[in-house]
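A.B. asks:
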Amino acid sequence: VVQGNSPPEAAIESPAWYEPLTGSSVEVTGLARARFATGGQFHWKLMWGAGQAPSSWTTVSEGQSSGTVTDFGKINLETVRQALATYVVPPDAGGPTFAAGEPNPFQHEFTVQLEVEGQGIAMTGIDRRVLSALSDPSLVAGFPKQLGSGGEAPTRYADLNGDNVQELIVPTEDGAVHAFEPNGSELKDRKSVV
Numbered sequence: 025v026v027q028g029n030s031p032p033e034a035a036i037e038s039p040a041w042y043e044p045l046t047g048s049s050v051e052v053t054g055l056a057r058a059r060f061a062t063g064g065q066f067h068w069k070l071m072w073g074a075g076q077a078p079s080s081w082t083t084v085s086e087g088q089s090s091g092t093v094t095d096f097g098k099i100n101l102e103t104v105r106q107a108l109a110t111y112v113v114p115p116d117a118g119g120p121t122f123a124a125g126e127p128n129p130f131q132h133e134f135t136v137q138l139e140v141e142g143q144g145i146a147m148t149g150i151d152r153r154v155l156s157a158l159s160d161p162s163l164v165a166g167f168p169k170q171l172g173s174g175g176e177a178p179t180r181y182a183d184l185n186g187d188n189v190q191e192l193i194v195p196t197e198d199g200a201v202h203a204f205e206p207n208g209s210e211l212k213d214r215k216s217v218v
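Residue numbers (my numbering): 25 to 218.
1. Among residues of its own chain, excluding the 5 on either side of residue 198, which ones have a beta-carbon nearer than 6 Å to its beta-carbon?
2. Going by DSSP, what residues sit across from residue 191 in a beta bridge?
3. Please give the ranges of any beta strand (DSSP E) in the region 56-113, keeping only runs that are unbroken, at least 3 residues long and fully inside the region.
4. Quick test of your reading: residue 50 and residue 98, contact by CB under 8 Å. State the CB separation rounded to the nearest angstrom.
5. So what does DSSP say about residue 122, is it helix, strand or coil?
6. Between 53, 193, 204, which has its C-alpha nearest residue 179's C-alpha?
7. If you draw a straight line from the C-alpha of residue 125 to the C-alpha of residue 148, how long is it?
8. Going by alpha carbons, who is nearest to residue 41 out of 77, 156, 70?
9. Near residue 177, what residues of its chain come up, given a Cβ to Cβ distance below 7 Å and the 5 sequence neighbours on each side ignored?
10. Check for me: the beta strand (DSSP E) holding residue 201 runs from which residue to which?
11. Thinking residue 2 and residue 62 are a contact (beta carbons under 8 Å), I'd like their distance in whole angstroms, please.
12. Using three-state DSSP, classify residue 134 as helix, strand or coil.
13. If residue 191 sits next to residue 203, beta carbons under 8 Å apart, how far is it from one beta carbon to the other, in whole angstroms?
14. Have a look at residue 212 and residue 84 and give me their C-alpha separation to the nearest angstrom.
15. Can the beta-carbon of residue 138 be found less than 8 Å from the beta-carbon of residue 75?
16. Quick one: is residue 169 buried, meaning 16 or more other Cβ sit within 10 Å of its Cβ, or exposed?
17. Taking the continuous beta strand (DSSP E) assigned at residue 145, which residues delimit it?
18. Could you give the distance in angstroms between the alpha-carbon of residue 134 and the alpha-carbon of residue 127?
19. From this set, 101, 105, 129, which residue's C-alpha is nearest residue 219's C-alpha?
20. When burial is assigned at 16 or more other CB atoms within 10 Å of the CB, is residue 218 buried or exposed?
In structure tokens, the structure reads:
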């Protein structure tokens, strides 16, 4: 910083790390700025590549600015899914082992990278996120859920409100316990719980 080597700012804010994406596209937002560039001028570029460490990139959008950019456009998830269909997950001696014939969960992962280059600055600001492009016809409407915290504890089913339909009980790392109806809505009214 003292030598003036501060890179431009590049930060992806949404979608969240490892977010399972089920739609046809996803909008990427965040922050691109180069306060220390000559005249604040910078060039930004949003790209994606297959896997956690892509060997090649596809440019989604790019632009020039002298202010702050927060919207980087949409990634076509159908194009991503087509690329992932032929992608071979590289072997990882330190990674998990999956049963023969079982799907590899890493097969659906892709990386998004934001690069920001400031005029007169030698360093490039870079931020990355790994996401998952799911195509699951068995996925129930209203799911997956964004809980804001990990849910590593075991889930359970129980009829909490006495309607003869079991709710999905999900404890999370932040101490919260969620109860979801089959339609994906969250049971909120604790007074109705039997």
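Cβ coordinates follow ideal geometry from the N, Cα and C atoms, glycine included.
C.D. replies: If we stick to the structure as given:
1. Hits under 6 Å: 173.
2. According to DSSP, residue 191 bridges with 182.
3. Segments of the beta strand (DSSP E) lying fully in the region 56-113: 66-74, 82-89, 93-100.
4. In this structure, residue 50 and residue 98 form a Cβ contact; the two beta carbons are roughly 6 Å apart against a cut-off of 8 Å.
5. Here residue 122 sits in coil by DSSP.
6. The shortest Cα separation from residue 179 among 53, 193, 204 belongs to 193.
7. Straight-line spacing of the CA atoms in residue 125 and residue 148 works out to 42 Å.
8. Of 77, 156, 70, the residue nearest in Cα terms is 156.
9. 195, listed in sequence order.
10. Unbroken beta strand (DSSP E) run through residue 201: 201-204.
11. Shown here, the chain extends from 25 to 218; a query on residue 2 therefore has no answer.
12. Of the three classes helix, strand and coil, the one that applies to residue 134 here is strand, per DSSP.
13. Right, the Cβ-Cβ distance comes to about 4 Å (below 8 Å), so this counts as a contact.
14. If you take the alpha carbons of residue 212 and residue 84, they lie about 40 Å apart.
15. It is not a contact, given that the beta carbons lie outside the stated cut-off.
16. The residue in question, residue 169, is exposed, as its Cβ has fewer than 16 Cβ neighbours within 10 Å.
17. Run containing residue 145: none; DSSP gives neither H nor E here.
18. Their Cα atoms are separated by approximately 16 Å.
19. Nothing in the structure corresponds to residue 219, since the chain is present only between 25 and 218.
20. Because residue 218 sits at a pLDDT of 41, beneath the cut-off of 50, its placement in the model cannot be relied upon, and the following sentence gives the value as read from the coordinates. It counts as exposed.
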